[in-house]
Amino acid sequence: MTTAAQTAGVLSFEQAYDRVVQYCSGVQASRAETVRLLDALGRILAEPILADRDFPAFARSTRDGYAVRAADTSSLPSVLKVLGQIKAGGTFDQAVRQGEAVEIMTGAALPSGTDSVVMVEHTSSLQDGTVKVERSVVSGENVVDRGAEARVGQELLPVGIRMDPAQIAMAAGAGRARLEVFRRARVAVLATGDELVDVTETPGPNQIRNSNSYSLAAQVTNSGGAPLILPVAPDEEKKLEILVRAALESADMLLLSGGVSMGKFDLVEKVLSNLGAEFFFTGAQIQPGKPVVFGELRHSGTKLPFFGLPGNPVSVMVTFDLFVRPVLAALNGALAERLPIAQARLRKNVKTRIGLTRFLPATLSGGLYDPQVELVPWQGSGDVLASARANCYLVVPPDRELLAAGDMVSVFLR
Ligand code: AMP
Ligand code: MG
Numbered sequence: 033m034t035t036a037a038q039t040a041g042v043l044s045f046e047q048a049y050d051r052v053v054q055y056c057s058g059v060q061a062s063r064a065e066t067v068r069l070l071d072a073l074g075r076i077l078a079e080p081i082l083a084d085r086d087f088p089a090f091a092r093s094t095r096d097g098y099a100v101r102a103a104d105t106s107s108l109p110s111v112l113k114v115l116g117q118i119k120a121g122g123t124f125d126q127a128v129r130q131g132e133a134v135e136i137m138t139g140a141a142l143p144s145g146t147d148s149v150v151m152v153e154h155t156s157s158l159q160d161g162t163v164k165v166e167r168s169v170v171s172g173e174n175v176v177d178r179g180a181e182a183r184v185g186q187e188l189l190p191v192g193i194r195m196d197p198a199q200i201a202m203a204a205g206a207g208r209a210r211l212e213v214f215r216r217a218r219v220a221v222l223a224t225g226d227e228l229v230d231v232t233e234t235p236g237p238n239q240i241r242n243s244n245s246y247s248l249a250a251q252v253t254n255s256g257g258a259p260l261i262l263p264v265a266p267d268e269e270k271k272l273e274i275l276v277r278a279a280l281e282s283a284d285m286l287l288l289s290g291g292v293s294m295g296k297f298d299l300v301e302k303v304l305s306n307l308g309a310e311f312f313f314t315g316a317q318i319q320p321g322k323p324v325v326f327g328e329l330r331h332s333g334t335k336l337p338f339f340g341l342p343g344n345p346v347s348v349m350v351t352f353d354l355f356v357r358p359v360l361a362a363l364n365g366a367l368a369e370r371l372p373i374a375q376a377r378l379r380k381n382v383k384t385r386i387g388l389t390r391f392l393p394a395t396l397s398g399g400l401y402d403p404q405v406e407l408v409p410w411q412g413s414g415d416v417l418a419s420a421r422a423n424c425y426l427v428v429p430p431d432r433e434l435l436a437a438g439d440m441v442s443v444f445l446r
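Mapping of the sequence shown onto this note's numbering: residues 33 to 446, in sequence order.
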């Protein structure tokens with residue numbers, strides 16, 4: 033019998049990625065919750081943040097110096113009468129007339145009558161209550177006008193934006209001590225394999241420690257999700273099925289690791305098929321991670337997206353970054369993002385075979401204008417140490433056998 037998994041097919045990287053993006057566009061975000069400002073860090077905004085006043089709320093000086101009427105500086109040197117001073121947060125009530133100036137500090141409101149600021153470096157204060165201006169300014173120079181950044185009521189941050197430090201600053205500036213973010217998507221993590229023992233146990237001579245549940249949980253957390261580590265499933269159909277059913281009850285997404293290759297005990301697709309899964313792809317022409325599986329389980333009206341990730345530790349991390357991260361972002365309510373790709377100069381030749389798009393552990397280094405990338409030597413997709421030494425993936429297109437030292441190449445930032 034041909035199963036749903038067998039007909040779904042192996043796609044190119046671009047096709048598989050497009051399928052993921054398409055899936056994301058149909059995903060419903062979870063409910064919202066109210067959190068304190070700093071607890072919103074890394075979360076996805078569930079309500080728009082509006083300007084509670086003009087930004088800036090007053091014409092603001094961007095320099096220490098003298099607030100003047102620009103016309104008074106058109107012929108130099110110009111000697112102006114200093115009426116007083118204003119610092120950030122202060123007020124200056126007197127209107128400034130022709131031939132007059134007010135000493136002003138960065139962040140202070142421009143006194144009425146003035147339209148620009150001469151930097152203190154371009155003045156000399158005379159002892160008789162006047163200042164000599166040595167450089168002309170034009171109207172508006174060194175000033176940010178009231179409302180220049182945003183008008184009261186304007187949307188500052190849209191629903192779906194990730195609250196990184198800049199967004200936290202914006203929300204703070206708009207007086208939002210609490211705000212609504214989407215609930216974290218719950219992601220069940222299910223490692224499979226008879227050879228696995230937990231980090232707290234001593235492995236037998238032919239056993240290994242389960243690292244995938246931990247890398248996946250860490251990646252889920254980094255991406256704003258809430259990981260739920262399930263017990264390791266042995267390579268046994270019935271037990272695997274029980275754990276997949278548990279995920280159906282409790283999670284918004286299921287990540288399996290291992291058991292999706294061609295081996296005799298690779299049972300993941302079979303078990304998912306038996307549970308009525310729909311498969312979107314059952315492999316991608318990539319290295320590492322070729323056997324990656326993406327699909328959806330339906331269960332009493334709800335949909336559970338799942339990924340069967342290849343068991344090799346590097347494969348599992350790469351396929352998470354490439355395919356799982358966008359789906360998790362969508363489940364978390366985030367606006368669609370682009371692939372995090374940069375360009376860098378290759379330091380050493382890379383030889384491969386054609387056919388697969390490769391994402392190889394690499395290090396990005398170099399200076400401001402000459403980013404450089406170099407492969408981390410590795411023993412293949414089981415080499416978690418290579419991944420731990422890397423800070424990015426070098427992208428090798430499927431039609432290139434050689435990337436030459438000095439070439440500009442694509443780097444996938446993780
Ligand atoms: P599999 O995809 O099940 O054939 O596994 C591929 C390779 O990854 C094998 O060498 C497994 O021992 C290893 N592996 C599978 N699952 C894990 C895991 N959770 N942690 C570390 N290594 C794993
Ligand atoms: Mg296995």
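A virtual CB, placed ideally from N, CA and C, is assigned to each residue, including glycine.
{"query": "Near ligand 3: G225 beta-carbon under 7 Å from a heavy atom", "result": "Ligand 3 is absent from the structure shown, which contains only ligand 1 and ligand 2."}
{"query": "7 Å Cβ shell around G161 - same chain, five flanking residues per side excluded", "result": "K113 and V114"}
{"query": "Segments assigned beta strand (DSSP E), at least 3 residues, entirely inside the stretch 347 to 377", "result": "none"}
{"query": "Inter-residue Cα distance where the pair is R129 and A201", "result": "37 Å"}
{"query": "Under the three-state DSSP convention, the category A258 falls into", "result": "strand"}
{"query": "6 Å CB neighbourhood of M151 in its chain, flanking five on each side removed", "result": "R95 and G97"}
{"query": "Beta carbon of I373 nearer than 8 Å to that of S442", "result": "yes"}
{"query": "Residue range of the beta strand (DSSP E) that includes I118", "result": "S110 to I118"}
{"query": "Y98 in three-state terms, based on DSSP", "result": "strand"}
{"query": "Neighbourhood of G131 by C-beta, 8 Å cutoff - its chain only, sequence neighbours within 5 removed", "result": "D104, L112 and K113"}
{"query": "Assigned exposure category for G412 - 16 Cβ within 10 Å defines buried", "result": "exposed"}
{"query": "Distance cut-off 7 Å: G343 Cβ against heavy atoms of ligand 1", "result": "yes"}
{"query": "Alpha-carbon spacing of P80 relative to A209, whole angstroms", "result": "14 Å"}
{"query": "Rounded C-alpha distance that separates R390 from P403", "result": "20 Å"}
{"query": "Beta strand (DSSP E) segments (min. 3 residues) lying fully within the stretch 284 to 333", "result": "285 to 289, 310 to 313 and 325 to 331"}
{"query": "Cβ pair G172, D147 closer than 8 Å", "result": "yes"}
{"query": "Contacts around A102, its chain only, beta-carbon distance under 6 Å, and the 5 residues preceding and following it disregarded", "result": "D147, S148, V169, V170 and S171"}
{"query": "Rounded distance between the beta-carbons of F214 and L287, thought under 8 Å", "result": "So it is not a contact: roughly 19 Å between Cβ atoms."}
{"query": "Minimum C-alpha distance to A78 - residue among G295, R63, C424 and E135", "result": "R63"}
{"query": "Under the three-state DSSP convention, the category F45 falls into", "result": "helix"}
{"query": "Endpoints, the alpha helix (DSSP H) within which S282 is located", "result": "E269 to S282"}
{"query": "L82 - partner residues in DSSP beta bridges", "result": "E187"}
{"query": "Given 8 Å, three or more beta-carbon pairs between the stretch 48 to 64 and the stretch 178 to 188", "result": "no"}
{"query": "Three-way DSSP call (helix, strand, coil) for T253 in this model", "result": "helix"}
{"query": "For K421, three-class secondary structure by DSSP", "result": "In the sequence on display, residue 421 carries Arg and not Lys. Helix."}
{"query": "Cutoff 8 Å: G340 Cβ touching any chain D Cβ", "result": "Note that chain D does not occur in the displayed structure, where there is just one protein chain."}
{"query": "Classification of S289 by the beta-carbon crowding that lies within 10 angstroms, buried from 16 upward", "result": "buried"}
{"query": "Beta-carbon proximity of E310 to T384, cut-off 8 Å", "result": "no"}
{"query": "Presumed contact (8 Å Cβ cut-off) between A283 and R241, rounded CB distance", "result": "24 Å between Cβ atoms; not a contact."}
{"query": "Local conformation of D177 per DSSP, three classes", "result": "coil"}
{"query": "Backbone CA spacing between V303 and A437 [nearest angstrom]", "result": "46 Å"}
{"query": "Contact set for L335: own chain, Cβ-Cβ below 6 Å, skip 5 residues either direction", "result": "Looking at the sequence itself, residue 335 is Lys, so the reference to Leu does not match. Cβ within range, chain order: E328."}
{"query": "Cβ-based neighbour list, Q117, same chain, cut-off 6 Å, excluding 5 preceding and 5 following", "result": "E135"}
{"query": "Own chain, CB closer than 8 Å to D230, minus 5 neighbours either side, in chain order", "result": "R241, N242 and V264"}
{"query": "When D431, A422 and C424 are compared against I386, the one with the closest alpha-carbon", "result": "D431"}
{"query": "The stretch 289 to 298 contacting the stretch 315 to 325, beta-carbon criterion three pairs below 8 Å", "result": "yes"}
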